[in-house]
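These notes are about the structure you will find just below.
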Amino acid sequence: MTARKYIRQDEGDEGDVDTYLADVGRYPLLSMEEEQELGRRIRRGDGEARRRMILCNLRLVISVAKNYLDRGLSFMDLVEEGNIGLMKAVERYKPEKGFKFSTYALWWIRQAIRRALLNKARNIRIPSHMMDVMNQWRKAMHEMTQSMGRQPSPEEIAIRLNLPAEKAAAVQRAMEVQNNISESTLDEVSLEHLQEAIAENQERRLPEDYNIFKGRLEHAISTVLTRREEIVLRLRYGFCRRPEHITLEEIGRRLGLTRERVRQIEQQALTRLWTYFMGGDVQPPVPSRKPDVPDIENMLARLRRRETLAFSKTETGGVRQQPGAGNGNEGQGGSWKKASGKRSSKPRGKRRKR
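The opening residue of the sequence shown carries number 670 in the working numbering; numbering runs sequentially from there.
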């Protein structure tokens, strides 16, 4: 079944859908040069340029909206919400950043649609007695964090509240549901968009342009992030320095932090990077939020594949090693060859004493 037939089947009034799809099809797609020219005119307050940018990208909203059918909103409702996101993208687009408008607008369209679906999902109700236990859980976690100097484990909180294992598990599930409903989908989509934006720029830019882009990434990591966020990202993803990942546990051991705290710092840093690349003001991330990072590893793999990165076993990406810490290759099943970008298949043996 074609997408158009499926959409018509989803709607009660097929005529309205057909008319809308036909009207949208009358507006041609824009080239990247046209998008950037319109973007510059829009920044100068040109209303006609704004109108043309919106009309020529309405089909982009349709392509996104059809992916969210059968989730509680009709197709035309999804399109209406997506069009609101499109208009926001038109107002905020900065052509000097070097991104295609369609790539930039995808995030705003998805955000608007997902928020509309999220609002519809708020009908999920958590029982009042469970809400009371959840409040006690949060209070205990805060007090224990203050007294212990670290975030307590769920088992420690359950012992503090004298909760059986089954009850503690139920509380954690309820809190997860509440967080998924109440927190904004901004972070989730923005980081996904960062992946898409970087990947698209890599594919279409010339090598010298890519070097400029890579330089901007390095600049953002060094200036936008806090020192701790920079250290975690460099160790975790090998931003511009190392070609391999290091686990959260290993980073925690090096920095004297828990695995969960390292994960939180990682999410905060990635959120800041997206804000920088999308042209927004850099705002400190909200610690209580838990933004998802879908497929971020694939994004970073694309970055690393563009060039061969020199690697030294004694380096840690500009970060001083903790006493007794290795070089990040422990348990990796091999060593990295210098400037080769490939692993040696020869297993690592014991060093000979001289």
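Idealized CB from N, CA, C, for every residue including glycine. Keep in mind it's a predicted model, so treat the numbers as computed, not measured.
For residue i, the nearest candidate out of the options (CA to CA)
i	options	result
Tyr-696	Met-817, Leu-724, Ala-785, Lys-757	Leu-724
Met-810	Gly-818, Ser-797, Pro-796, Ile-826	Ile-826
Arg-885	Ile-900, Gly-767, Gln-780	Gly-767
Leu-729	Gly-716, Gly-708, Ile-782, Glu-706	Ile-782
Met-800	Ile-778, Asp-746, Ala-839	Ala-839
Gly-719	Thr-927, Met-803, Arg-761, Glu-918	The identity of residue 719 in the sequence shown is Arg, whereas the question assumes Gly. Comparing Cα positions, the closest option is Arg-761.
Val-802	Glu-706, Asp-746, Leu-830	Leu-830
Val-748	His-798, Val-893, Trp-777	Trp-777
Arg-784	Thr-772, Met-813, Ile-753, Thr-814	Ile-753
Thr-772	Glu-929, Gln-937, Ser-700, Ile-920	Ser-700
Coil, strand or helix - residue i by DSSP
i	result
Lys-808	helix
Thr-892	helix
Glu-768	According to the sequence shown, residue 768 is Phe rather than Glu. In the structure shown, Phe-768 sits in coil (DSSP, three-state: anything other than H, G, I, E or B).
Leu-698	coil
Thr-927	coil
Gly-741	coil
Gln-815	helix
Gln-820	coil
Asp-687	helix
Opening and closing residue of the alpha helix (DSSP H) in which residue i lies
i	result
Leu-917	917-924
Val-759	744-761
Arg-702	Strictly speaking, residue 702 in this sequence is Glu, with Arg absent from that position. It spans 701-712 - the alpha helix (DSSP H) in which Glu-702 sits, taken as one unbroken run.
Arg-721	716-724
Arg-728	727-734
Leu-830	823-830
Straight-line Cα distance separating residue j from residue i
i	j	result
Trp-806	Leu-690	51 Å
Phe-770	Ala-734	18 Å
Arg-710	Lys-763	11 Å
Val-901	Glu-824	27 Å
Gly-818	Thr-895	21 Å
Ser-851	Gly-714	A caution first: Ser-851 carries a pLDDT of 48, below 50, which makes its placement in the model too unreliable to give a value.
Asp-685	Asn-788	25 Å
Ala-889	Leu-755	27 Å
Val-693	Glu-750	16 Å
Arg-897	Gln-820	18 Å
Lys-836	Thr-940	33 Å
Ile-731	Gly-741	17 Å
Thr-688	Met-745	12 Å
His-798	Ala-834	17 Å
Gln-933	Gln-841	18 Å
Glu-935	Ile-915	12 Å
Leu-904	Gly-708	38 Å
Glu-706	Asp-739	38 Å
Arg-930	Leu-832	24 Å
Ser-743	Asn-726	20 Å
Closer than 8 Å to chain D by CB, residue i
i	result
Pro-833	The chain inventory of the structure shown lacks chain D, comprising one protein chain alone.
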